[in-house]
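In full-length UniProt numbering, the protein residues as written are 1 to 122. The beta carbon of each residue, even a glycine, is placed where N, CA and C say it ideally should be. Notes follow once the structure below has been shown.
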């Protein structure tokens, strides 16, 4: 029989149970899980909690790496370009490379096609 491991603490949900220390809304996670495929019929109560923690760890890690890019640029504000650079520079985030490169290409295209704002102050 399997023993309670590292994640057993997050499954308890803290003192208040369902409203425990979760950073991401469990109902939204469950909805995304159900939309993931026609095969998904039932989802246990613990699965969204574990995924919530996984999402939290993912966001923390990518933010740390993006912050390093911000500091390399000698800035104090994290920009989307820092996140894109962190994704491109990190092998474990390869599954996001197309997303950030498509987003960057779309942003660049918008900058090219958007006429400059007229200066109305005189």
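The residues 78, 82, in chain order, have a CB closer than 6 Å to that of residue 70 in the same chain once the five nearest residues on each side in sequence are set aside.
By the C-beta density criterion, residue 29 is buried, having at least 16 other C-beta atoms within 10 angstroms. A contact between stretches requires three or more CB pairs, one per stretch, nearer than 8 Å, and the segment 54-63 fails this requirement with the segment 31-39.
In the three-state reduction of the DSSP assignment, residue 76 falls in the coil class.
The residues 66, 69, in chain order, have a CB closer than 8 Å to that of residue 85 in the same chain once the five nearest residues on each side in sequence are set aside.
Note that the C-beta distance between residue 44 and residue 24 is not below 8 Å. The alpha-carbon of residue 98 is positioned some 28 Å away from that of residue 47. Check the Cα spacing between residue 54 and each of 95, 100, 22: the tightest is with 22. Cα atoms of residue 50 and residue 101: separation of roughly 29 Å, rounded to the nearest angstrom.
Only buried fits residue 87, as 16 or more other CB atoms lie within 10 angstroms of its CB.
When secondary structure is reduced to three states using DSSP, residue 24 falls in the coil class, being assigned neither helix nor strand.
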